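In what follows, a single structure is set out as structure tokens and then discussed.
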Amino acid sequence: MTSDRASLPGVHHETAAVNGTRLHYVTAGTDGTPVLLVHGFPETWWAFRALIPLLARHHRVFAVDLRGFGDSDIADEHYSSAVAAEDLHALIEHLSVGPVHLVGQDVSGSVVYRLAATYPEDVLGLTAIESALAGFGAERLADVTHGGVWYIGALSAPGIAGLLFENAARAFIGEYLYPFYGVASGAVTTDDIAEYARTYGRPGGFSGAAGLYRSMLTEGEELRALAQDAPLQVPLTTIGSRGGGFTNAAFRSVTTHDVRAIQLDGVGHYVAQEAPQQLADALIDAFAATALRRRG
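Counting with the working numbering, you get residues 20 to 315 for the letters of the sequence shown.
In structure tokens form, the structure reads like this:
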């Protein structure tokens, strides 16, 4: 934990020793059902900086730094989406707040899916934002011969993240990744980039991303088996934007129930940062629909 980290009024920083690691998370709001926000890459809890105050008007909000990200402990070479899901299960137990509205985006899709499938008692409902699942199309994101991105393979290779990306974290994130996805500078400012670079640039700062991308390239068969043996029973909402219906197609494959699909046209991939008010409105509607379905 460092004194130069970014923060928000009304947000409290906490840590929890769970599942053999130490997770940093923030809390906001005092009333309403609990919400757990799970970031993607290249993000930390700070990706939800504009969303948290909007949700905290109606809900108790928790936003976590996954293991190997942000101000949480770094991850080792055995880190995977399965380990990350166990971390979140232990965190929910530690906080005594379950079940929660679970929200995951980008590369955390497999993490939140595993949590909801394995520990449905932890989850009121699951919302997946611009996410993919191994075994259901995610692998194609690394196929550079068919439009995939090169850095997934680089991050997945043992030791390469530390060699290539840590010392250049600010440039890689701010000058390459966000511009590559067409994110406007007003949505992700130089101060935001500095906050991301603060933790991604530490030794092991890319270890969480490396573990989740390794999982994405290797866990397809396991996730297909999980979907067959334990299809999702919790209410499921998908939110697509730049990726169109990709998220819905993936998550519709892992449940036997109806999926509530929301498309945000004119919004980029990093929805929480680019269109927080639209996302907040969509999430609040999804949470209300979940409550009605569970009562029914």
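Heads up, the beta-carbon is just placed ideally off N, CA and C, and yes, glycines get one too. Keep in mind that this is a model prediction, so the values were computed, not measured.
Residue interval of the alpha helix (DSSP H) (run including residue i)
{"i": "residue 44", "result": "Note, residue 44: premise wrong, no alpha helix (DSSP H); beta strand (DSSP E) at 40 to 47."}
{"i": "residue 68", "result": "It is not in any alpha helix (DSSP H) - residue 68 carries neither H nor E in the DSSP assignment."}
{"i": "residue 4", "result": "Residue 4 falls outside the range modelled here, since the chain spans only 20 to 315, and no answer is possible."}
{"i": "residue 187", "result": "Run containing residue 187: none; DSSP gives neither H nor E here."}
{"i": "residue 170", "result": "169 to 175"}
{"i": "residue 192", "result": "Unbroken run through residue 192: none, as it is neither H nor E."}
{"i": "residue 152", "result": "Neither: residue 152 is in no alpha helix (DSSP H) and is coded neither H nor E."}
{"i": "residue 236", "result": "226 to 237"}
{"i": "residue 207", "result": "No alpha helix (DSSP H) contains residue 207, which DSSP labels as neither H nor E."}
{"i": "residue 133", "result": "128 to 137"}
{"i": "residue 293", "result": "290 to 293"}
Candidates the options, of which the one nearest residue i by Cα
{"i": "residue 87", "options": "179, 157, 218 and 262", "result": "218"}
{"i": "residue 191", "options": "78, 177, 201 and 212", "result": "212"}
{"i": "residue 133", "options": "99, 199 and 83", "result": "99"}
{"i": "residue 124", "options": "292, 179, 169 and 117", "result": "292"}
{"i": "residue 76", "options": "308, 282, 303 and 170", "result": "303"}
{"i": "residue 40", "options": "102, 82 and 46", "result": "102"}
{"i": "residue 182", "options": "222, 298 and 138", "result": "222"}
{"i": "residue 155", "options": "148, 172, 236 and 116", "result": "236"}
{"i": "residue 149", "options": "269, 178 and 244", "result": "269"}
{"i": "residue 178", "options": "228, 32 and 164", "result": "228"}
{"i": "residue 309", "options": "115, 52, 164 and 96", "result": "52"}
{"i": "residue 174", "options": "245, 226 and 244", "result": "226"}
{"i": "residue 104", "options": "242, 305 and 66", "result": "242"}
{"i": "residue 82", "options": "32, 276, 113 and 50", "result": "32"}
Residue range of the unbroken beta strand (DSSP E) whose run includes residue i
{"i": "residue 124", "result": "119 to 124"}
{"i": "residue 53", "result": "53 to 57"}
{"i": "residue 148", "result": "142 to 148"}
{"i": "residue 76", "result": "No beta strand (DSSP E) contains residue 76, which DSSP labels as neither H nor E."}
Bridge partners - residue i, DSSP secondary structure assignment
{"i": "residue 34", "result": "43"}
{"i": "residue 274", "result": "251"}
{"i": "residue 282", "result": "259"}
{"i": "residue 81", "result": "46 and 55"}
Residue i to residue j span [Cα, whole Å]
{"i": "residue 20", "j": "residue 233", "result": "Unreliable placement is indicated for residue 20, whose pLDDT of 43 sits below 50; the coordinate value is still reported in the next sentence. When rounded, the distance between both Cα atoms is 27 Å."}
{"i": "residue 34", "j": "residue 56", "result": "15 Å"}
{"i": "residue 257", "j": "residue 248", "result": "22 Å"}
{"i": "residue 278", "j": "residue 290", "result": "20 Å"}
{"i": "residue 37", "j": "residue 106", "result": "7 Å"}
{"i": "residue 72", "j": "residue 203", "result": "21 Å"}
{"i": "residue 262", "j": "residue 272", "result": "17 Å"}
{"i": "residue 108", "j": "residue 260", "result": "28 Å"}
{"i": "residue 129", "j": "residue 118", "result": "19 Å"}
{"i": "residue 209", "j": "residue 54", "result": "28 Å"}
{"i": "residue 299", "j": "residue 176", "result": "36 Å"}
{"i": "residue 323", "j": "residue 139", "result": "This structure leaves residue 323 out entirely; the chain is present only between 20 and 315."}
{"i": "residue 312", "j": "residue 274", "result": "15 Å"}
{"i": "residue 137", "j": "residue 115", "result": "18 Å"}
{"i": "residue 245", "j": "residue 153", "result": "11 Å"}
{"i": "residue 111", "j": "residue 264", "result": "30 Å"}
{"i": "residue 285", "j": "residue 180", "result": "32 Å"}
6 Å CB neighbourhood of residue i in its chain, flanking five on each side removed
{"i": "residue 84", "result": "43, 63, 64, 90 and 91"}
{"i": "residue 127", "result": "57 and 59"}
{"i": "residue 48", "result": "75, 78, 79 and 80"}
{"i": "residue 281", "result": "258 and 301"}
{"i": "residue 185", "result": "220 and 224"}
{"i": "residue 29", "result": "47"}
{"i": "residue 157", "result": "151 and 235"}
{"i": "residue 305", "result": "146 and 256"}
{"i": "residue 283", "result": "260 and 297"}
{"i": "residue 24", "result": "none"}
Spatial neighbours of residue i in its chain, beta-carbon cut-off 7 Å, leaving aside the 5 residues before and after
{"i": "residue 201", "result": "287"}
{"i": "residue 135", "result": "121, 142, 145, 251 and 253"}
{"i": "residue 196", "result": "61"}
{"i": "residue 68", "result": "27"}
{"i": "residue 230", "result": "87, 94, 98 and 99"}
{"i": "residue 295", "result": "69, 70 and 73"}
{"i": "residue 159", "result": "165 and 167"}
Chain-order list of residues whose beta-carbon lies under 8 Å from that of residue i (same chain, five-residue window excluded)
{"i": "residue 216", "result": "188, 189, 192 and 193"}
{"i": "residue 171", "result": "160, 161, 232, 235 and 236"}
{"i": "residue 169", "result": "163"}
{"i": "residue 266", "result": "128, 147, 148, 149, 150, 151, 257, 258 and 259"}
{"i": "residue 238", "result": "99, 100, 101, 129, 153 and 154"}
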